[in-house]
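Colleague: The structure is given below, and queries will be raised subsequently.
Residue numbers (full-length UniProt numbering): 1 to 306.
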């Protein structure tokens, strides 16, 4: 049975990190895990006294920065699934000004998707949760707000994910299965919190770059098409709350043609629940990406202390 640390143990693990490491390591042991290389020196120090579970926790942010390694070693984290399926995901909603329009277009196309929602947005538009679920869409955790997890300590990170997960569960009656950090930036605290909350982190293999002021449906399609292949996960945005004003029009306008291109290639388009995420070779050695695992001690549904 796999041991999962609680909030206090997350903070203890975070203390392994040096105050001023040589790598790009943030507050409370959080490690960059998106575009650049993470703090290798910090990882080495943390791993020196860690067991297998802790080693994975600190290794994942470093490995995730390298696309090829991420795809090969942690395909589930990368969003790799069934070879005939493409996962359609949206971030940053639900937004009353734009999300209903996405729901309308998806209904016209007979498509379902996974929406990684922000707790602050969902709290302001709770009525959209029922509509999304009734239409067959899946809600997942994107955080309470869009501040990078790298800038948060382990306790704050846990509360962010817990609070959003509980709001989704309350409004829909269905606990979410997936989580995606804002900006795709991983951290040790984020990964440990996701494990404890039984949330599976999923990033993406292709994005539409639909958040800029110059984005158009054509630029979104141009950004998505080169990386469009079976088993991939696509990232778009159904809100401009963290993007250029009205930028969501570009993703909305691209949806019909993108769906047609998937169909022409013999690819099914749908939510992560139908994607068949692959665990990867790390699972063969008992080193699994954070996700639904058996627990000792406090239950995953336990509220954060304090």
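No residue lacks a Cβ here, since even glycine has one placed at the ideal position from N, Cα and C.
1) Could you give the residue range of the beta strand (DSSP E) that holds residue 140?
2) Can you check whether the CB of residue 145 is closer than 8 Å to the CB of residue 120?
3) When the distance is taken between beta carbons, is residue 141 closer than 8 Å to residue 161?
4) Taking Cβ positions, are residue 93 and residue 232 nearer each other than 8 Å?
5) Can you tell which of 243, 203, 226 and 204 has the C-alpha that lies nearest to the C-alpha of residue 213?
6) Note down the Cα distance separating residue 235 from residue 175, rounded to an integer number of angstroms.
7) Taking the Cβ atom as the reference point for each residue, do residue 178 and residue 205 lie within a distance shorter than 8 Å?
8) Taking residue 259 as the reference, give the member of 77, 83, 123 and 87 with the closest Cα.
9) Might you give, ordered along the chain, the residues of its own chain that have their beta carbon closer than 8 Å to the beta carbon of residue 137, omitting 5 neighbours on each side?
10) Since residue 172 and residue 218 should fall inside the 8 Å C-beta cutoff, what is the C-beta to C-beta distance between them, to a whole number of angstroms?
11) Please tell me whether residue 184 and residue 85 are closer than 8 Å, where the distance is taken between their beta carbons.
12) Taking the straight line between their C-alpha atoms, what separation do you get for residue 278 and residue 77?
13) Our contact map puts residue 228 next to residue 196 with C-beta atoms below 8 Å; I'd like the distance itself, whole angstroms only.
14) Report buried or exposed for residue 143, applying the criterion of at least 16 other Cβ atoms within 10 angstroms of its Cβ.
15) Have a look at residue 153 and residue 238 and give me their C-alpha separation to the nearest angstrom.
16) When the distance is taken between beta carbons, is residue 202 closer than 8 Å to residue 250?
17) Count the other CB atoms, across all protein chains shown, that sit within 10 Å of the CB of residue 275; report buried if there are 16 or more and exposed otherwise.
18) For residue 198, does the count of other Cβ atoms within 10 angstroms reach 16, so buried, or fall short, so exposed?
19) Just how far apart, CA to CA, sit residue 124 and residue 248?
20) Go ahead and pull the three-state DSSP assignment for residue 63.
21) Might you give, ordered along the chain, the residues of its own chain that have their beta carbon closer than 6 Å to the beta carbon of residue 193, omitting 5 neighbours on each side?
22) Between which two residues does the alpha helix (DSSP H) carrying residue 127 extend?
23) Grab me the residues of residue 135's own chain with a C-beta within less than 8 Å of its C-beta, minus the 5 sequence neighbours each way, in chain order.
24) By the DSSP assignment, the alpha helix (DSSP H) with residue 163 in it spans what residues?
25) DSSP state of residue 248, grouped into three classes?
26) Skipping 5 residues on each side, what residues in its chain have a beta carbon closer than 6 Å to that of residue 182?
27) Below 6 Å CB to CB, which residues in the same chain sit around residue 283 once its five sequence neighbours on both sides are set aside?
28) How is the beta strand (DSSP E) around residue 88 delimited, first residue to last?
29) Since residue 91 and residue 180 are thought to touch, with beta carbons under 8 Å apart, how far apart are those beta carbons, to the nearest angstrom?
Modeller: With the structure as the only source:
1) Your numbering for residue 140 matches position 140 in the chain shown. 138–141 is the span of the beta strand (DSSP E), which, as asked, contains residue 140.
2) Within the chain shown, the letter at position 120 stands for residue 120. Within the chain shown, the letter at position 145 stands for residue 145. It is a contact, given that the beta carbons lie within the stated cut-off.
3) In the chain shown, residue 161 corresponds to position 161, counting from 1. In the chain shown, residue 141 corresponds to position 141, counting from 1. In this structure, residue 161 lies near residue 141, with their beta-carbon atoms less than 8 Å apart.
4) Numbered from its first residue, the chain shown carries residue 93 at position 93. Numbered from its first residue, the chain shown carries residue 232 at position 232. In terms of Cβ geometry, residue 93 and residue 232 do not form a close pair [threshold 8 Å].
5) Residue mapping note: residue 213 aligns to position 213 of the chain shown, counting from 1. The candidate whose alpha carbon is nearest that of residue 213 is 243.
6) As a first step, residue 235 must be located in the chain shown, where it is residue number 235. As a first step, residue 175 must be located in the chain shown, where it is residue number 175. Going by C-alpha positions, residue 235 is about 22 Å away from residue 175.
7) The sequence position of residue 178 within the chain shown is 178, counting from 1. The sequence position of residue 205 within the chain shown is 205, counting from 1. When the beta-carbon positions are compared, residue 178 and residue 205 stay at least 8 Å from each other.
8) Indexing the chain shown from 1 puts residue 259 at position 259. Out of 77, 83, 123 and 87, 87 has the C-alpha closest to the C-alpha of residue 259.
9) Working through the chain shown from its first residue, we reach residue 137 at position 137. Beyond the five residues adjoining it in sequence on each side, residue 137 comes within less than 8 Å, by CB distance, of 103, 106, 112, 113, 114, 115 and 271 in the same chain, given in chain order.
10) By one-based count along the chain shown, residue 172 stands at place 172. By one-based count along the chain shown, residue 218 stands at place 218. Their Cβ separation, rounded to whole angstroms, is 35 Å, which puts residue 172 and residue 218 out of contact at 8 Å.
11) Along the chain shown, one-based indexing puts residue 184 at 184. Along the chain shown, one-based indexing puts residue 85 at 85. Against a cut-off of 8 Å, the Cβ pair of residue 85 and residue 184 comes out as no contact.
12) Here residue 278 refers to the residue found at position 278 of the chain shown. Here residue 77 refers to the residue found at position 77 of the chain shown. In this structure, the straight-line span from the alpha carbon of residue 278 to that of residue 77 is close to 9 Å.
13) Position 228 of the chain shown holds residue 228. Position 196 of the chain shown holds residue 196. Approximately 35 Å separates the beta-carbon atoms of residue 228 and residue 196; this is outside 8 Å, ruling out the contact.
14) Against the chain shown, residue 143 aligns to sequence position 143. Here residue 143 is buried. Its C-beta has 16 or more other C-beta atoms within 10 Å.
15) To locate residue 153, count along the chain shown from 1; it is residue 153. To locate residue 238, count along the chain shown from 1; it is residue 238. Their backbone Cα atoms lie some 28 Å apart in a straight line.
16) Counting from 1 along the chain shown, the entry for residue 250 is found at position 250. Counting from 1 along the chain shown, the entry for residue 202 is found at position 202. When the beta-carbon positions are compared, residue 250 and residue 202 stay at least 8 Å from each other.
17) Reading the chain shown from its first residue, position 275 is the one you call residue 275. Residue 275 comes out buried.
18) As a working mapping, residue 198 is identified with position 198 in the chain shown. Residue burial annotation: residue 198 is buried, with at least 16 other C-beta atoms found within 10 angstroms of its C-beta.
19) Translated into the one-based positions of the chain shown, residue 124 becomes position 124. Translated into the one-based positions of the chain shown, residue 248 becomes position 248. Spanning the two alpha carbons is a distance of roughly 19 Å.
20) Taking the chain shown and counting its residues from 1, one reaches residue 63 at position 63. Bear in mind that the predicted position of residue 63 carries a pLDDT of just 43, short of 50, making it too unreliable to give a figure here.
21) Position 193 of the chain shown holds residue 193. Here the set comprises 157, 158 and 161.
22) Indexing the chain shown from 1 puts residue 127 at position 127. Taken as a continuous stretch (DSSP letters only), the alpha helix (DSSP H) holding residue 127 covers 127–134.
23) Position 135 of the chain shown, counting from 1, holds the residue named residue 135. Same-chain partners within the cutoff: 103, 106, 107 and 112.
24) On the chain shown, residue 163 is found 163 positions in, with the first residue counted as 1. Here the alpha helix (DSSP H) through residue 163 covers 154–172.
25) For the purposes of this step, residue 248 is taken as residue 248 along the chain shown, with counting starting at 1. It is helical.
26) As a first step, residue 182 must be located in the chain shown, where it is residue number 182. So the list reads 143, 146 and 148, once near-sequence residues are dropped.
27) Within the chain shown, residue 283 is the residue found at index 283, counting from 1. Unreliable placement is indicated for residue 283, whose pLDDT of 48 sits below 50; the coordinate value is still reported in the next sentence. Cβ neighbours of residue 283 beyond the five flanking positions: none.
28) Within the chain shown, residue 88 is the residue found at index 88, counting from 1. 85–91 is the span of the beta strand (DSSP E), which, as asked, contains residue 88.
29) As a position in the chain shown, residue 91 is number 91, starting the count at 1. As a position in the chain shown, residue 180 is number 180, starting the count at 1. Sure, about 7 Å apart at Cβ, within 8 Å.
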